[in-house]
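Here is the structure we will look at, set down as structure tokens.
Residue numbers (this note's numbering): 46 to 449.
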């Protein structure tokens, strides 16, 4: 767990000024290395063209955080912003927006599990190529139910790309334009507006552009980011597995499948093809795989069990593994992983979820209602209150915690 927290930039602040330590917690820390079995010594690996993070390295830029975490889920943009800030405390919202819409260092698109993510712009071809087959297969099943044929889908993609030749357009504008020239059978399908645009996103032909008020816009990927290089599916999936294990390892093929949305059989094939770069380990009796280049750091990682973090809704750290027993006690599982795919904001201490929280605007201030799963010592409450205050500085509003 310590290794994962380091890679996710969620390890505790060990500086004298760090305000994340629960003074009432035990001072002992555990070494993950004691739980590893059968792992040989590793040599560091450097791969031309792809940069993987150094364990414990601080993120100098917003894009570094997003790369190190193998993408930031962005179904709710405010949660994505919070996820970046949680990992890099000097981040401002303006800096995130600039990375997206001015510098174009980040890109917003559909990626793992057909959900919206922020990813480094140079990595777009990797994510698109890795996810396209499984994502299009999922869409095809839905297309069949609504009567959309493959040629309808192809025509829609071409229509969307053509409509964006002169700049960004909203989804509604794209659908309205496509209906003018669409065949009768396609018009009915176009009423399912998002599904009509989605194939072009999955193909990597278009990405999200700057918002217009509350409305999202789309832009051509080649116009926004430049011509995109072709990447083969096998190469892309191998690189995606490296990114996943670098951010969340040790993990299994099943974990990779659940995190990405790739079929388990395909995930196993990808892992098998990368065996020369991987080592099988056992963490608390459970088998998993990690990059050989990470073994030394993994065995030396120390968990600061008292470090407190407030993670927002849909935080990437909560989505990586198929089973969640290492994160939350079974009796509290449904407090975090709620119906219809909703994932609550949580209080994380060390590597364990100890409560949930929810924000509410009160005038110009923000109140965080915190529900801890067990009685908390005053020192822990103070650590959470300090986290809330720091979050307020990021949000540009007074932010305080209220305990229920």
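Here a beta-carbon is modelled for each residue, glycine too, at the ideal position from N, C-alpha and C.
Given the structure is predicted, the values throughout are model-derived calculations rather than measurements.
Straight-line Cα distance separating residue j from residue i
i, j, result
"residue 428", "residue 232", "56 Å"
"residue 470", "residue 405", "The first residue shown for the chain is 46 and the last is 449, placing residue 470 beyond what the model contains."
"residue 195", "residue 55", "44 Å"
"residue 333", "residue 209", "45 Å"
"residue 204", "residue 197", "10 Å"
"residue 440", "residue 372", "27 Å"
"residue 438", "residue 106", "19 Å"
"residue 193", "residue 199", "10 Å"
"residue 156", "residue 281", "13 Å"
"residue 255", "residue 138", "14 Å"
"residue 435", "residue 379", "28 Å"
"residue 94", "residue 389", "For residue 94, the predicted structure reports a pLDDT of 35, less than 50, and the residue's modelled location is therefore unreliable. The matter cannot be settled from this model."
"residue 251", "residue 130", "27 Å"
"residue 182", "residue 247", "11 Å"
Coarse secondary structure for residue i, derived from DSSP in three states
i, result
"residue 133", "coil"
"residue 178", "helix"
"residue 54", "coil"
"residue 254", "strand"
"residue 405", "strand"
"residue 188", "helix"
"residue 441", "coil"
"residue 160", "coil"
"residue 412", "strand"
"residue 269", "helix"
"residue 323", "strand"
"residue 334", "strand"
"residue 193", "coil"
Cβ pair residue i, residue j closer than 8 Å
i, j, result
"residue 420", "residue 448", "no"
"residue 112", "residue 306", "no"
"residue 516", "residue 245", "Residue 516 cannot be examined here, being either before or after the span of the chain that is shown, 46 to 449."
"residue 394", "residue 424", "no"
"residue 346", "residue 51", "yes"
"residue 108", "residue 132", "no"
"residue 432", "residue 355", "yes"
"residue 128", "residue 360", "yes"
From the options, residue whose alpha carbon lies closest to that of residue i
i, options, result
"residue 122", "381, 211, 358", "358"
"residue 220", "235, 211, 212", "235"
"residue 206", "353, 338, 348, 241", "241"
"residue 178", "279, 287, 344, 354", "279"
"residue 350", "396, 331, 391, 150", "396"
"residue 253", "297, 142, 343", "142"
"residue 214", "224, 257, 175, 176", "257"
"residue 271", "298, 294, 170, 445", "170"
Cβ of residue i within 8 Å of any chain B Cβ
i, result
"residue 248", "Absent from the structure: chain B. Only one protein chain is present."
Quiz item: Any contact of the segment 184 to 191 with the segment 308 to 318, i.e. 3+ C-beta pairs under 8 Å?
Solution: They do not touch, by the three-pair rule.
Quiz item: Counting pairs of beta carbons, one from the segment 371 to 387 and one from the segment 134 to 151, are three or more of them closer than 8 Å?
Solution: no
Quiz item: When the Cβ atoms of the segment 409 to 419 are set against those of the segment 329 to 343, are three or more pairs found closer than 8 Å?
Solution: no
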